[in-house]
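Just below is one structure, and these are the notes that go with it.
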Ligand SMILES: Cc1cc2nc3c(=O)[nH]c(=O)nc-3n(C[C@H](O)[C@H](O)[C@H](O)COP(=O)(O)OP(=O)(O)OC[C@H]3O[C@@H](n4cnc5c(N)ncnc54)[C@H](O)[C@@H]3O)c2cc1C
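In this note's numbering, the protein residues as written are 79 to 492.
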């Protein structure tokens with residue numbers, strides 16, 4: 079892999095940018111692979127990268143029905159944080175944040191991590207008490223969290239209206255939380271995986287699995303049949319579809335989650351703000367746009383656009399907290415399909431089919447989990463047993479009842 083450096087940028091600038099090498103290869107699919115990963119989102123690409131890097135498996139294909147990073151990985155609002163309540167989630171998501179803190183160097187690709195803080199607002203004394211408990215749990219799990227008074231909130235976010243319809247009583251902040259650039263994460267992993275010899279095959283939809291004596295042996299795709307010793311599913315909103323093809327069921331519902339951006343303005347919002355009660359979250363991108371969203375559309379759908387009523391609700395919620403933004407024009411709106419589990423924690427690990435693995439149920443919060451999700455799924459696939467960090471996130475928890483309820487940590491209701 080040719081490294082990006084200051085000198086290479088200068089050299090290419092003088093050259094009219096004509097000499098940049100291809101960032102990832104676009105090979106034809108082979109007949110057989112050691113591992114096939116379905117879905118070239120962040121999770122699929124990161125899994126391929128860590129399989130090649132940490133477990134020395136090089137004969138890998140990532141199959142993508144559209145274009146890489148065109149699913150939720152390229153549609154999300156980029157929030158990167160680890161302020162989860164339960165110890166299992168805290169350990170997993172903080173490991174992910176720590177990997178993010180060095181991801182730019184690891185991939186030699188700037189993922190533009192900006193640890194500008196993640197502020198969650200409380201609108202009643204009761205809610206503030208709940209947040210105090212949440213912040214204490216986070217701190218016990220060795221993750222940074224600080225409870226703030228309304229004055230401290232105002233100092234941090236000068237444009238916020240403390241006396242909005244549900245007046246702000248305080249909040250808590252994870253200073254290490256923030257945002258990063260979602261396309262860069264997908265592209266960085268794709269480039270690094272391709273350099274290890276991973277075949278990333280776009281425009282290649284998986285339509286069925288070959289299963290013989292309870293063991294998966296390959297996939298049917300729109301570009302022919304491909305054999306594989308091991309297969310992993312990483313398709314976000316389509317997890318239940320792929321599970322159905324392999325003849326088992328997963329407890330997920332698929333809904334559209336919307337996001338939107340305003341026209342760009344000068345820097346005025348220097349932290350990520352979330353309000354579970356007013357039901358919105360917002361940050362400002364490096365280009366100056368306000369990036370915001372709220373809850374999911376409350377009906378099942380595979381349409382990646384979302385409905386007008388929720389769009390209106392999200393805008394109304396933003397203006398409730400930030401009346402000054404009412405003069406801005408909305409520039410773009412879109413949606414992605416999220417697969418939500420009953421406890422809003424992910425599904426990771428083995429499946430009832432031998433040698434078939436799953437990484438899904440990421441709901442509204444799987445972007446921040448991409449590095450740790452990829453690393454732990456690579457271990458799980460290579461060793462045919464769950465990585466210790468994800469042991470509790472398997473499908474079995476829906477039979478045993480050992481749920482990891484992170485509904486509150488998702489931030490907004492769905
Ligand atoms: C609007 C929005 C905002 C969000 N905000 C945040 C946030 O701020 N922070 C956060 O942590 N998370 C956020 N999320 C969630 C996060 O984006 C996802 O959890 C994460 O990107 C999932 O990654 P993935 O790689 O599993 O899935 P994806 O990136 O969706 O990749 C799955 C890929 O599988 C492909 N695929 C599907 N079916 C097939 C098939 N049959 N054959 C081949 N390929 C197939 C799809 O085309 C897709 O490219 C948000 C999501 C949305 C929609």
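Note that the Cβ used here is the ideal one computed from N, Cα and C, for glycine as well.
Spatially closest choice to residue 170 from 280, 426 and 379, by CA coordinates: Within the chain shown, the letter at position 92 stands for residue 170. Of the candidates 280, 426 and 379, the one whose C-alpha sits nearest the C-alpha of residue 170 is 426.
Exposed unless 16 or more other CB atoms sit within 10 angstroms - verdict on residue 308: As a first step, residue 308 is located in the chain shown; it is residue number 230 there, counting from the start. Buried.
Nearest neighbour of residue 147, chosen from 164, 134, 122 and 126 [CA to CA]: Here the question's residue 147 lines up with position 69 in the chain shown. Nearest of 164, 134, 122 and 126 to residue 147, Cα basis: 122.
Cα-Cα separation between residue 199 and residue 114, rounded to whole angstroms: Here residue 199 refers to the residue found at position 121 when the chain shown is read from its first residue. Here residue 114 refers to the residue found at position 36 when the chain shown is read from its first residue. Taking the straight line from one Cα to the other gives about 43 Å.
DSSP beta-bridge partners of residue 336: Residue mapping note: residue 336 aligns to position 258 of the chain shown, counting from 1. Its beta-bridge partners are 413.
Alpha-carbon to alpha-carbon, residue 81 and residue 98: Stepping through the chain shown from its first residue, residue 98 is reached at position 20. Stepping through the chain shown from its first residue, residue 81 is reached at position 3. So the alpha carbons of these two residues sit roughly 11 Å apart.
For residue 232, three-class secondary structure by DSSP: As a working mapping, residue 232 is identified with position 154 in the chain shown. Three-state DSSP puts residue 232 in a helix.
contact_flag[the segment 414–426, the segment 320–336] where n(CB pairs < 8 Å) is 3 or more: yes
8 Å Cβ shell around residue 192 - same chain, five flanking residues per side excluded: Position 114 of the chain shown, counted from the first residue, corresponds to residue 192. Around residue 192: 256, 257, 258 and 364.
Chain-order list of residues whose beta-carbon lies under 8 Å from that of residue 446 (same chain, five-residue window excluded): In the chain shown, residue 446 corresponds to position 368, counting from 1. Cβ within range, chain order: 157, 158, 159, 160, 171, 174, 175 and 178.
Residue 122: first and last residue of the uninterrupted alpha helix (DSSP H) it sits in: The sequence position of residue 122 within the chain shown is 44, counting from 1. Its alpha helix (DSSP H) spans residues 120–133.
Other residues of its chain near residue 162: CB distance less than 7 Å, five sequence neighbours each side excluded: Against the chain shown, residue 162 aligns to sequence position 84. Closer than 7 Å at the Cβ level, and outside the excluded window around residue 162, lie 168, 171, 484 and 487.
Three-state secondary structure assigned by DSSP to residue 266: Stepping through the chain shown from its first residue, residue 266 is reached at position 188. Helix at residue 266.
Simplified DSSP assignment, three categories, for residue 438: Walking along the chain shown from the start, residue 438 turns up at place 360. It is a strand residue.
Proximity winner among 321, 234 and 261, relative to residue 346 (alpha-carbon distances): Along the chain shown, read from residue 1 onward, the residue named residue 346 stands at position 268. When each option's Cα is compared against that of residue 346, the closest is 234.
Per DSSP, cross-strand counterpart(s) of residue 305: Within the chain shown, numbered from 1, the residue matching residue 305 stands at position 227. Answer by DSSP bridge pairing, in chain order: 110 and 296.
Cut-off 8 Å between Cβ atoms - residues of its own chain near residue 240, not counting five sequence neighbours on either side: Working through the chain shown from its first residue, we reach residue 240 at position 162. Counting only Cβ-Cβ distances below 8 Å, and skipping sequence neighbours, we find 228, 231, 232 and 246.
Distance between beta carbons of residue 351 and residue 263, contact taken as under 8 Å: In the chain shown, counting from the first residue as 1, residue 263 sits at position 185. In the chain shown, counting from the first residue as 1, residue 351 sits at position 273. The Cβ separation is near 22 Å, so there is no contact.
Residues bridged to residue 471 (per DSSP): Here residue 471 corresponds to residue number 393 of the chain shown, with the count starting at 1. Residue 471 is not bridged to any residue.
Segments assigned alpha helix (DSSP H), at least 4 residues, entirely inside the segment 131–203: 165–179 and 181–185
Residue 285 burial status per 10 Å Cβ neighbour count (16 or more: buried): Residue 285 sits at position 207 when you count from the first residue of the chain shown. With fewer than 16 Cβ atoms within 10 Å of its Cβ, residue 285 is classed as exposed.
DSSP state of residue 257 mapped onto helix, strand, coil: For the purposes of this step, residue 257 is taken as residue 179 along the chain shown, with counting starting at 1. Note: residue 257 maps to strand in three-state DSSP.
Alpha-carbon to alpha-carbon, residue 120 and residue 79: Position 1 of the chain shown holds residue 79. Position 42 of the chain shown holds residue 120. Approximately 19 Å between the Cα atoms of the pair.
Closest residue to residue 208 among 403, 411, 467 and 248 (Cα-Cα distance): Counted from its first residue, the chain shown places residue 208 at position 130. Residue 208 has its Cα closest to that of 248, out of 403, 411, 467 and 248.
Residue 268 versus residue 102 - alpha carbon distance: Stepping through the chain shown from its first residue, residue 268 is reached at position 190. Stepping through the chain shown from its first residue, residue 102 is reached at position 24. Roughly 7 Å separates the two Cα atoms.
Contact test: residue 97 Cβ vs ligand 3 heavy atom, cutoff 7 Å: Absent from the structure shown: ligand 3. Ligands present: ligand 1.
Among 236, 372 and 361, nearest to residue 354 - alpha-carbon criterion: For the purposes of this step, residue 354 is taken as residue 276 along the chain shown, with counting starting at 1. Measuring from the Cα of residue 354, the nearest candidate turns out to be 372.
Reference residue 296; option with closest CA among 434, 380 and 399: Within the chain shown, the letter at position 218 stands for residue 296. Here the closest residue by C-alpha is 434.
Closest by C-alpha distance to residue 223, when choosing among 250, 370 and 423: Translated into positions along the chain shown, residue 223 becomes position 145. Looking at the Cα atoms, 250 is the closest of the given residues.
Nonlocal neighbours in the same chain, by C-beta distance under 7 Å from residue 210, ignoring five residues either side: By one-based count along the chain shown, residue 210 stands at place 132. Correct list, in chain order: 225.
Length of the line joining the Cα atoms of residue 478 and residue 469: Locating residue 478 in the chain shown gives position 400, where the first residue counts as 1. Locating residue 469 in the chain shown gives position 391, where the first residue counts as 1. C-alpha separation (whole angstroms): 13 Å.
As assigned by DSSP and simplified to three states, the class of residue 310: By one-based count along the chain shown, residue 310 stands at place 232. The three-state reading of DSSP puts residue 310 in strand, counting E and B together.
Residue 294 Cβ short of 7 Å to ligand 1 heavy atom set: Counting from 1 along the chain shown, the entry for residue 294 is found at position 216. Checking the Cβ of residue 294 against ligand 1 gives no.
Between the CA atoms of residue 107 and residue 282 - distance to the nearest angstrom: Reading the chain shown from its first residue, position 204 is the one you call residue 282. Reading the chain shown from its first residue, position 29 is the one you call residue 107. Near 9 Å, if we compare the C-alpha coordinates of residue 107 and residue 282.
For residue 285, the first and last residue of its enclosing beta strand (DSSP E): The sequence position of residue 285 within the chain shown is 207, counting from 1. DSSP places residue 285 inside the beta strand (DSSP E), whose first and last residues are 284–290.
Distance CB(residue 125)-CB(residue 452) smaller than 8 Å: Walking along the chain shown from the start, residue 125 turns up at place 47. Walking along the chain shown from the start, residue 452 turns up at place 374. Result yes, Cβ atoms of residue 125 and residue 452 sit closer than 8 Å.
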